[in-house]
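Per my numbering, residue 38 is the first one in the sequence shown, and the count goes up by one each step. All residues carry an ideal CB built from backbone N, CA and C; glycine is no exception. As the structure is a computational prediction, the values presented were derived from the model and not from experiment.
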Amino acid sequence: MRKTICILPQKIGRGGPGSFHTRFAEVLSSRGYNLNHDALDPANTAILVIGGTRHIGLLREANRNGVRIVQRLNGMNWVHRQTRTGIKHFLRAEVNNWILKTIRGMADQIVYQSNFTQGWWTRKYGETKNPGRVIYNGVNLDLFNPVGAGSPPADRIRILLVEGNLGSGYEGGLDSAVQMAKLLSKRLTRPVELMVVGSVPANLQISYLGCGVDIIWKGLVKREAIPAIDRSAHLFFSSDINAACPNSVIEALACGLPVIGYDTGSLSELVNADCGAIARYGSDPWKLQKPDIHALADAAQQALINHDQKRVAARARSEERFNIDRIVDQYLRVLLDL
């Protein structure tokens, strides 16, 4: 009999959780699983909560009915406590943290996106009734691959930054990218260009006019456009500080794009010296203190050495660790308690 798995919440939106939801559901459907978004469907074998859902009461009822609940956890909201993002954003972030924590306390099993994430939650709230396990995010290696449209320009170095939203306290990543590109352009014989994919407030874009760096503002793009964009760059800059397991990084690796970034969050778990370079932050990232831009530029230069070999190694890294089919296998073992 075909097993039924409920995935919550139904609407996740753009960004990492939405990308994971789409990929996970596609693989399960291709394997013959029934999927729904109804926690109380009597056919449910298990419920996968991607992050959190406001329907905590329904989860409790499903759990009383014997349905296994697994929560996929990323990090907590924290930037709003370090910088002013507005009262609405602050309250929304605090409520979402409470939801995540509440579901974590009642779930049968927790899947953390990285060792960094597991350590963070454990330090903050202690162990759960079950120890949980780490499963990294996965990528469709057929869709994200080094072959196809898009190639790096020969007359300049292109650095790519991909984030869903670079406002609401996350402007620092963009500024690091601009300052690093400016410093790198003084060190290299070819000019350095920055390509930014994601939502960037107009006033923030205007503030970089005349900054000394050529910036291509791509805005929000469809997911299917990302592989060609990844293939068109020399380096990918992971700008998110203390990220749980950024999908944009594993997508870049799958396209053969070397990755650079600061040594925060899970980045050192995803990227090694063969397929990129990681820079020391140089101060306290949890306080959003100014990072060491010179160390980041050093990392970029390092990643450009033996660049072709690093592109091959990036693809190999994704095949070894982030194949979505093998990631789904790991999730099924948790969901079905195998």
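Taken in chain order, the whole alpha helix (DSSP H) runs of length 4 or more contained in the region 255-281 are 263-268. With contacts defined by Cβ atoms closer than 8 Å, N174 and F57 form a contacting pair. The beta-carbon separation of W158 and Y149, rounded to 7 Å, stays under the 8 Å limit for a contact.
By the beta-carbon neighbour count (other beta carbons within 10 angstroms, threshold 16), P79 is exposed. In the DSSP annotation of this structure, Y162 is not part of any beta strand (DSSP E); the continuous alpha helix (DSSP H) holding it starts and ends at 152-162. Within the DSSP secondary-structure output, G298 pairs in a beta bridge with S275, I315. For S236, the enclosing beta strand (DSSP E) starts and ends at 229-236. Rounded to the nearest angstrom, the gap between the Cα atoms of S355 and A291 is 5 Å. Residue range 344-358 is occupied by the alpha helix (DSSP H) that includes R348. Residue environment: A310 is assigned as exposed (fewer than 16 neighbouring CB atoms within 10 Å of its CB, all protein chains considered).
If you keep only unbroken alpha helix (DSSP H) runs of at least 4 residues inside the region 82-143, you get 93-101, 124-143. Check the Cα spacing between L246 and each of E131, V215, L225: the tightest is with V215. C-alpha of E230 to C-alpha of V199: approximately 14 Å in a straight line.
DSSP, reduced to helix, strand and coil, places T59 within a helical segment of the structure shown.
By the criterion of at least three beta-carbon pairs nearer than 8 Å, the region 220-239 is in contact with the region 334-347. DSSP links C43 through a beta bridge to N73, I84.
As DSSP reads the structure, V148 sits in a beta bridge with R109, R170.
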